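Below is one structure, written out as structure tokens; comments come after it.
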Amino acid sequence: MSSSHDRYPYSAIVGRPDYSWPGGRRLAIYLGVNYEVFDFAGGLGPELAPSQTEPDVMNYAWRDYGNRVGAWRLFDLFDRLGLRTTALLNADVLDRCPGLAEACRDRGDEIAAHGSSNAKAQGSMFRLREDHMIADVTERLATLGVRPTGWLGPWISESETTPDLLAGNGYRYVLDWAHDDQPTRLSTGHGGLLSVP
Numbered sequence: 001m002s003s004s005h006d007r008y009p010y011s012a013i014v015g016r017p018d019y020s021w022p023g024g025r026r027l028a029i030y031l032g033v034n035y036e037v038f039d040f041a042g043g044l045g046p047e048l049a050p051s052q053t054e055p056d057v058m059n060y061a062w063r064d065y066g067n068r069v070g071a072w073r074l075f076d077l078f079d080r081l082g083l084r085t086t087a088l089l090n091a092d093v094l095d096r097c098p099g100l101a102e103a104c105r106d107r108g109d110e111i112a113a114h115g116s117s118n119a120k121a122q123g124s125m126f127r128l129r130e131d132h133m134i135a136d137v138t139e140r141l142a143t144l145g146v147r148p149t150g151w152l153g154p155w156i157s158e159s160e161t162t163p164d165l166l167a168g169n170g171y172r173y174v175l176d177w178a179h180d181d182q183p184t185r186l187s188t189g190h191g192g193l194l195s196v197p
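This is the structure in structure tokens:
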């Protein structure tokens with residue numbers, strides 16, 4: 001028999017009452033933009049083309065382009081369209097990409113935490129190390145003037161205790177669980193944590 005978890009019960013969407021957002025709206029959309037950093041010669045990182053050597057200059061450079069050029073072009077586009085986003089920030093962006101996180105804040109984007117970097121998946125961390133990482137990321141991003149209350153795990157990766165640790169560190173929502181079309185309340189040892197798909 002397969003195992004499950006105790007974070008939320010099964011609930012088929014056809015058996016639920018209609019979901020209404022504030023103002024009676026039927027649909028809500030958030031625009032999340034990941035601002036990520038990766039290790040140059042090692043660690044995890046998406047391969048946009050097969051890597052032949054280490055360091056993998058080609059794939060690293062493509063990823064770095066987003067923080068150096070792409071983000072700023074997106075800011076111009078979002079400003080023209082009058083759109084605010086959720087900035088999903090690796091905390092290491094503060095040191096490795098000076099001005100990028102501040103630009104997100106200054107635009108009025110919501111700041112959500114996205115781990116230290118994307119060089120390591122969060123789900124492989126031991127509980128104490130993960131708790132320390134979450135607290136450190138929260139403290140570092142709070143220097144932007146607002147303490148983040150949303151979390152997207154590096155590589156959308158969680159350990160069995162991640163929701164408990166997030167709730168214990170004051171987070172109100174998590175973006176890792178893509179299991180539904182509607183927000184779901186996750187059970188944790190520190191009360192509920194909203195899962196936003």
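In the numbering used here, the protein residues as written are 1 to 197.
Every residue, glycine too, gets a C-beta built ideally from N, C-alpha and C.
No experiment lies behind these values; they were computed from the predicted model shown.
* Please determine if the region 67 to 76 and the region 19 to 27 are in contact, where contact requires at least 3 C-beta pairs separated by less than 8 Å. => Flag = no, the region 67 to 76 and the region 19 to 27 do not touch.
* Asked: Exposed or buried, what is E36 when buried is set at 16 or more other beta-carbons lying within 10 Å of its beta-carbon?
  -> buried
* Asked: Using a Cβ-Cβ cut-off of 7 Å (strictly less than) and excluding sequence neighbours within five positions of G176, which residues of its own chain qualify?
  -> The sequence given here has Asp at residue 176, not Gly. L152, G153, I156, E158.
* Could you name each continuous beta strand (DSSP E) segment of 3 residues or more that falls completely within the region 63 to 117, going from the start of the chain to the end? => 86 to 89, 110 to 113
* I think A167 touches H190, with their Cβ atoms under 8 Å apart; what is that distance to the nearest whole Å? -> 4 Å
* Asked: What are the complete alpha helix (DSSP H) segments, minimum 4 residues, inside the region 140 to 179?
  -> 162 to 168
* Have a look at S124 and A112 and give me their C-alpha separation to the nearest angstrom. => Cα to Cα, the separation comes out at about 21 Å.
* Given R96, which residues of its chain have a CB within under 7 Å of its CB, disregarding the five upstream and five downstream residues? -> V37
* What residue from D6, Y10, S4 has the CA that sits closest to D180's CA? -> Y10
* Spell out the partners DSSP gives Y35 in its beta bridges. => L89
* **Range of the contiguous beta strand (DSSP E) that encloses G191** => 191 to 195
* To do: Measure the alpha-carbon distance for A91 versus D136 and round it to whole angstroms.
  => 9 Å
* If you draw a straight line from the C-alpha of L193 to the C-alpha of R185, how long is it? -> 6 Å
* Continuous beta strand (DSSP E) stretch holding R205: start and end -> Here the chain comprises residues numbered 1 to 197, so residue 205 is not present and cannot be evaluated.
* **V33 to R7 span [Cα, whole Å]** => 27 Å
* Cβ shell of N169 (< 8 Å), same chain only, five flanking positions each side left out -> D131, I134, A135, T138
* Asked: In whole angstroms, what separates the C-alpha of Y65 from that of P183?
  -> Using only the alpha carbons, I get a separation of about 33 Å.
* Residue range of the beta strand (DSSP E) that includes T187 -> Per the sequence shown, the amino acid found at residue 187 is Ser instead of Thr. From DSSP, the beta strand (DSSP E) with S187 extends over 184 to 188.
* To do: Look at the Cβ atom of E102, then the Cβ atom of R84, and state whether they are nearer than 9 Å.
  => no
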